[in-house]
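What follows is a single structure, written as structure tokens, with notes after it.
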Amino acid sequence: MNAPPLKIIPIGGTTTVQKNMYVYECQNDIIIMDCGIGFPDMETPGVDISIPDFSYVLENRDKVRGVVITHGHEDHRGSIAYLLKEYKFQVYAVTFVKKLIEQSLEEFTNLGNVKINTLDPNQPLQLGCFRLHPFAVNHSVPDTYGFAIDTPQGRIFHNTDFKFDWSPVMGKPFEIQKAAKLASEAPGEVLALLSDCLGSTTEGYSKSEKDIQTTFETILADSKKRQVFITTISSNISRIQQAINASVKYGRKVVLSGRSIRQTMEVAREMNYISSPDNVFVDERNSSKYNQSEITYIITGSYGQKNSGLWRVVAGEHKSIKLSENPVVIFSADPIPNSISTVNILIDELYIKNADVYYSEIQNNLHVSGHGIKGDLSLLANIVKPKYFIPIGGNIKHMRAYSDMMQEQGVEKNRILELLDGQAVIFENNTVKMGKKLRLKDVYVDGTLVGDVGTKVLDERMQMANHGMAVVVIEGSNVEVITHGFIFVKESGLLIDKTKKLVKESINVKVKGGDRKKYIEKTLQRFFFEETGRNPLVSVVFTGF
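In the UniProt record's numbering, the protein residues as written are 1 to 545.
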């Protein structure tokens, strides 16, 4: 009797680096690997985060046996609360990640009673017809795991974010012997390897996280009489530990600024992952009482997020922290692809405020990626020796670079499957084929609104940001024109007069379908573009009718 086919669908994580979520489906069983968020970019103004489109998962909720989280980064676990609001799925994570998830769930008061299951990394986990074997890998957050997944079609290796670090700052090295044993004991050959591909454009092997502390110490030694900020990813606990070590060496107190950093550190200290003197930490609310040259601020904002701690400090909007004269700011994280522009804007603002800024483009050993590069990726591929390769966790260019790398090593092109988000791949009886591609929506979170920020709203926000807005109020025969960010009214009296005249003429035009408001708005849009070369958002308001 033939085994049922296996379907794998990336809901997120193969077209962009973020929103990682992968569906494994076999007959009446589904497991989900990760459930992460995406971060806004310049094209999504006003948006807080984006989340995966859960439609397919919710349509098949009765099949879902569990959601397994590979590690603690928000682009892999940050959407759990939004998923659980829709349906109370069983979620599994190792203790550290479980505590991070539970902490984030406290912010959602309407979830009710939710239990996150503890995943034992030393035992296999059976979920329906799937059996998952965890093995430790190295990444920029402790307790990151890869999985060998037994399916009716064969064993799959699922390795999202990983690198090989033989002397990590915390945690143990990659469990290479365990991974090799899981690969060699697979019935037949390993069917497929889903592998991190973000570092596939870089030659060599990844550096050890330990290389960072010397850089921190060198910069702090040269900054003894100055205020210092270090910004990094909030979940990069080993990086924060090294910043603390360097600060202690030079007699500095440490201020943790930013909710996500404080929350992560609370869990890390609870689990004894952080080592520091008892009196090293200062509450940011009391930081102004100290000589600023005796404090290191470890602060959120490494991706240039507009609501982050560092952004608010630079903008002069932080309640407790003010920039001193000639501060030192260290960016100890490389921006993800869609955050490069916002990081550059923040760096420029810091230079304007007379800061000395250190970042990876100008300073070596300031950031070590948590993602393996070509040598690491090739090493895992040679350990696992799968029949098929599926690059994940990168943009399209990273997937193509991974494909090129494997082909250079002799892997046939038809054994490398480049999937876009939503594209199903089906394994059955030693064959593989592409399945149906899901039509996934962009789902945005804007304040308390989830999914209500559609393309039209974002287009209007971009239009206002780029071209401004014109509001035309019509009350009987009176017309008032109000503009924001479009023209200088005092210097554009003639344009305003022309606008009023055009509106009065348009009121009397017979409009097919009767939508006079829409007709006037379109007429004004054409007029404004012809007169100014700009395309403001136009809104017509009738009053007194």
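Idealized CB from N, CA, C, for every residue including glycine.
For residue 26, the residue or residues it bridges with in DSSP: 29
Cβ shell of residue 160 (< 7 Å), same chain only, five flanking positions each side left out: 20, 34, 70, 76, 196, 392, 393
Cβ pair residue 230, residue 330 closer than 8 Å: yes
contact_flag[the region 155-171, the region 95-107] where n(CB pairs < 8 Å) is 3 or more: no
Segments assigned beta strand (DSSP E), at least 3 residues, entirely inside the region 353-417: 356-358, 388-392
Cutoff 6 Å; reference residue 208; Cβ partners in own chain excluding five residues on either side: 165, 167
The alpha helix (DSSP H) enclosing residue 329, as first and last residue numbers: Note, residue 329: premise wrong, no alpha helix (DSSP H); beta strand (DSSP E) at 328-331.
Extent of the continuous alpha helix (DSSP H) run through residue 76: 74-77
Cβ pair count under 8 Å reaching 3, the region 130-148 against the region 401-416: no
Residue from 368, 480, 154, 357 whose Cα sits closest to the Cα of residue 546: Residue 546 cannot be examined here, being either before or after the span of the chain that is shown, 1 to 545.
Sub-8 Å separation of residue 11 and residue 22 beta-carbons: yes
Opening and closing residue of the alpha helix (DSSP H) in which residue 499 lies: 493-507
Where the beta strand (DSSP E) through residue 424 begins and ends: 423-428
Check whether residue 103 and residue 67 have beta carbons under 8 Å apart: no
Three-way DSSP call (helix, strand, coil) for residue 524 in this model: helix
Given 8 Å, three or more beta-carbon pairs between the region 272-284 and the region 201-218: no
Rounded Cβ spacing between residue 121 and residue 94 (contact assumed at less than 8 Å): 6 Å
Whole runs of the alpha helix (DSSP H) within the region 249-283, excluding any shorter than 4 residues: 259-270
Best match in 201, 65, 226, 536 for proximity to residue 400 [C-alpha to C-alpha]: 201
Bounding residues of the beta strand (DSSP E) (the contiguous stretch that carries residue 92): 91-93
Identity of the residues DSSP links to residue 163 by a beta bridge: 138
Cβ-based burial, residue 14 [other Cβ within 10 Å; buried from 16]: buried
Within 8 Å, strictly: CB atoms of residue 240 and residue 298: yes
Inter-residue Cα distance where the pair is residue 321 and residue 248: 21 Å
Counterpart residues of residue 170 in DSSP-defined beta bridges: Paired residues: none, contrary to the question.
Coil, strand or helix - residue 294 by DSSP: helix
Which residues DSSP lists as bridging residue 542, in chain order: 474
Close-in-space but distant-in-sequence residues of the same chain around residue 84 (CB under 7 Å, 5 per side omitted): 111, 114
Beta-carbon contacts of residue 250 that lie in its chain and below 8 Å, excluding the five residues immediately before and after: 217, 220, 221, 224
Euclidean distance between Cα positions of residue 414 and residue 485: 53 Å
Proximity winner among 176, 24, 493, 395, relative to residue 376 (alpha-carbon distances): 176
Rounded distance between the beta-carbons of residue 301 and residue 310, thought under 8 Å: 3 Å
Beta-carbon separation (whole angstroms), residue 308 vs residue 295, contact threshold 8 Å: Contact doesn't hold; Cβ gap of about 18 Å is too wide.
With 16 other Cβ atoms within 10 Å as the buried cut-off, status of residue 25: buried
When 483, 227, 303 are compared against residue 292, the one with the closest alpha-carbon: 227
Whether residue 180 touches residue 383 by CB criterion (8 Å): yes
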